[in-house]
Structures are given as C-alpha cells and as structure tokens.
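Visitor:
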Ligand SMILES: Cc1cc2nc3c(=O)[nH]c(=O)nc-3n(C[C@H](O)[C@H](O)[C@H](O)COP(=O)(O)O)c2cc1C
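Residue numbers (my numbering): 612 to 800.
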C-alpha cells in the first residue's frame with residue numbers, strides 16, 4: 612500500500628508539514644510506503660489548463676513525477692494551512708495538475724492548521740469537494756491544529772487529543788484502503 616502525503620503550506624518548516632508528517636508516520640506503522648511531498652520544499656510549477664487538456668506528458672519533470680505518484684498511490688493525505696477561511700492556493704495549484712480521476716478508488720484524509728481554533732473546518736470541507744471532483748473518497752475524520760498544539764521541533768507527540776484524532780484518521784485510511792483492495796473481512800473497523 613502506498614500513501615501520498617501532501618503538505619500545502621508555502622512556509623518552510625510549517626505546522627501543516629509537521630501535522631502531515633505525524634499522520635504519515637502513523638500510516639507507515641500500518642504498512643504504507645510513504646511519499647511525503649512538502650510543497651514548500653519541493654515546489655511544483657503553477658498549473659495551467661493547456662497542460663491539463665494536452666495529451667502530451669507535462670513538460671516539467673516535477674509535475675510529471677507528481678502526477679505519476681498520485682496515480683500510483685492507494686491513499687492520500689492532504690494537509691493545508693487556512694488562508695482566508697480556505698485551503699491554500701499552493702495546494703489547489705498542485706491538485707489542478709491532476710487528471711479528474713487521479714484519486715479514483717483512493718481513501719483521502721484531510722488535515723489543516725489554522726491561526727485560530729475554529730479556522731480549519733471550512734478548509735477541510737472545501738477540500739472534500741475537490742477530492743470528490745478527483746474521484747476520491749474522503750474518510751470522515753479530519754484533524755485540525757493550531758500552533759499551540761505543537762511542542763518542540765513541531766512535535767505532536769504530547770498533544771494527546773490531536774494524536775488520538777490522527778490515529779483514528781490513520782485507522783480509517785488503512786481500513787478503507789484494505790477494503791478497496793478487496794481484503795474486506797479484515798478491514799472492518
Ligand atoms: C493570507 C493568510 C490568510 C490567513 N487567513 C486565516 C484565516 O482565515 N483563519 C485562520 O484561522 N488563520 C488564518 N491565517 C493564519 C494561518 O492559518 C496560519 O498562519 C497557518 O496555519 C500557519 O501554518 P503553517 O505553518 O503550516 O503555514 C492566515 C494566514 C495567511 C498568510
């Protein structure tokens with residue numbers, strides 16, 4: 612099982628990336644091979660409709676690799692900071708590189724970091740719509756953080772309530788992915 616975990620903050624060393632990493636570690640412990648993509652560290656070119664509609668491979672190698680990785684994975688984690696009550700433009704541009712069926716049959720988990728304690732819900736709900744347009748299946752649990760949840764080196768290990776939601780999210784992604792791989796009996800939560 613392969614999971615693509617995307618952190619959509621433009622800031623290096625972001626809270627969003629730390630949150631996505633935390634979920635990625637939990638997925639790794641459940642048997643996923645992880646591709647972690649921090650869009651601040653590994654920027655993609657701005658998406659453009661000409662490439663979306665073209666039958667030719669994308670001219671930029673990073674975009675080609677991103678599209679191939681998204682196609683090949685079994686599960687996805689999308690992480691975003693909240694920008695003006697929404698998910699980040701950087702994440703949207705990345706997702707607009709993908710064909711409309713890129714997430715078909717894949718479980719998708721949503722996590723968001725906000726400046727305020729109630730900022731993340733909208734961003735995750737908006738992402739649910741985008742995932743639907745890409746054919747993906749969002750799991751019900753989403754995780755919201757604020758800066759105060761993070762300890763030293765942006766660790767979430769001591770944030771019990773957040774960690775517990777991340778565990779639930781990872782369990783749901785794991786169960787759904789196994790179910791989609793027809794291993795239904797063992798996948799029941
Ligand atoms: C342009 C912009 C708009 C923002 N709008 C909101 C907002 O509407 N609600 C909120 O709670 N935080 C808002 N913030 C704060 C960010 O959510 C916060 O800085 C971010 O989650 C930090 O996470 P990061 O380290 O992953 O980038 C905004 C920040 C920026 C730069």
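Where a beta carbon is used, it is the ideal one built from N, C-alpha and C, also for glycine. Here the structure is a predicted model, which is why all the values come from computation and not from measurement.
If you draw a straight line from the C-alpha of residue 723 to the C-alpha of residue 651, how long is it?
Guide: Spanning the two alpha carbons is a distance of roughly 15 Å.
Visitor: Measuring CB to CB, does residue 780 end up less than 9 Å from residue 752?
Guide: A contact, by the Cβ cut-off of 9 Å.
Visitor: Contact defined as beta carbons within less than 8 Å: I believe residue 745 pairs with residue 702. What is the distance between those atoms, to the nearest angstrom?
Guide: Actually they are not in contact, since the Cβ atoms of residue 745 and residue 702 sit about 12 Å apart, beyond 8 Å.
Visitor: Which residue or residues does DSSP assign as beta-bridge partners of residue 692?
Guide: Answer is 724, bridged to residue 692.
Visitor: Using the rule of at least 16 other Cβ atoms within 10 Å of the residue's Cβ for burial, across every protein chain shown, is residue 699 buried or exposed?
Guide: Residue 699 is buried by the Cβ-count criterion.
Visitor: Flag this pair as touching only if the region 724 to 737 and the region 766 to 774 have three or more C-beta atom pairs under 8 Å; answer yes or no.
Guide: The region 724 to 737 is not in contact with the region 766 to 774.
Visitor: If you pair each beta-carbon of the region 684 to 696 with each one of the region 612 to 628, do three or more pairs fall below 8 Å?
Guide: The region 684 to 696 is in contact with the region 612 to 628.
Visitor: Determine the closest residue to residue 646 out of 659, 615, 671 and 629, with distance taken between C-alpha atoms.
Guide: It is 615 whose Cα lies nearest to the Cα of residue 646.
Visitor: Can you check the region 638 to 724 for any beta strand (DSSP E) of at least 3 residues that lies completely inside it and give the ranges in chain order?
Guide: Taking only runs of at least 3 residues, the beta strand (DSSP E) segments lying wholly in the region 638 to 724 are 644 to 649 and 686 to 692.
Visitor: DSSP beta-bridge partners for residue 749?
Guide: Residue 749 pairs with 719.
Visitor: Express the C-alpha separation of residue 759 and residue 640 in angstroms, rounding to a whole number.
Guide: Using only the alpha carbons, I get a separation of about 26 Å.
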